[in-house]
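Down below is the structure, laid out as structure tokens.
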Amino acid sequence: MKRVDLIKEIAAEFELIANRLSETEVATVASMVELEPQHLAEIAKRVQKLIGAKNVKLKTMIDKSLLTGITIRYGNSDSKLIDLSVKKQLEEIDAQLHLGDIQLVG
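With the first letter of the sequence shown counted as 1, position 33 gets the number 206 in our numbering; the numbers rise by one all the way through.
Printed below as a string of structure tokens:
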């Protein structure tokens with residue numbers, strides 16, 4: 174293992190410990206475009222309220238496959254997902270059409 178890799182590993186472990194001690198939940202927000210700081214602040218506030226965290230720290234990433242909307246991953250190893258993307262909504266509509274879940278009222 175190279176020294177640089179070891180330093181990265183130590184820094185990542187330090188961040189985990191610091192977040193745990195400060196009761197900070199780290200969430201990764203993915204969107205098709207870069208989000209404005211005021212939007213990120215609002216997302217952090219809502220995530221904090223939703224999951225009951227004392228503090229929330231956001232990491233951002235660009236995901237061109239989302240079309241529009243956002244996804245938010247949090248928890249151990251990003252194990253939990255809040256999917257507010259149009260892509261997910263279209264997938265759900267497609268699944269309903271294929272499963273015959275649509276009922277006609279008339």
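Positions of the beta carbon are idealized from the N, C-alpha and C atoms, including for glycine. Source: prediction; values computed, not measured.
Could you give the distance in angstroms between the alpha-carbon of residue i and the alpha-carbon of residue j?
i      : j      : result
LEU231 : HIS271 : 36 Å
LEU263 : LEU179 : 43 Å
LEU194 : ILE266 : 42 Å
LYS222 : ALA185 : 26 Å
GLU280 : ARG176 : This structure does not reach residue 280, given that the chain is present from 174 up to 279, and the question cannot be answered.
ALA268 : LYS261 : 10 Å
SER238 : LEU257 : 13 Å
ILE255 : MET174 : 36 Å
Does residue i come out as helix, strand or coil in the three-state DSSP assignment?
i      : result
SER238 : helix
ALA226 : coil
SER204 : strand
LYS181 : helix
Tell me the residue span of the alpha helix (DSSP H) that contains residue i.
i      : result
ASP256 : From DSSP, ASP256 is part of no alpha helix (DSSP H) but of the beta strand (DSSP E) over 253-258.
### Contact the segment 211-228 vs the segment 240-249: 3+ CB pairs below 8 Å
With three or more CB-CB distances shorter than 8 Å, the segment 211-228 counts as touching the segment 240-249.
### Message
Across the segment 191-198 and the segment 221-228, are there enough close Cβ pairs to call them in contact, namely three or more that are closer than 8 Å?
### Response
Yes, they touch.
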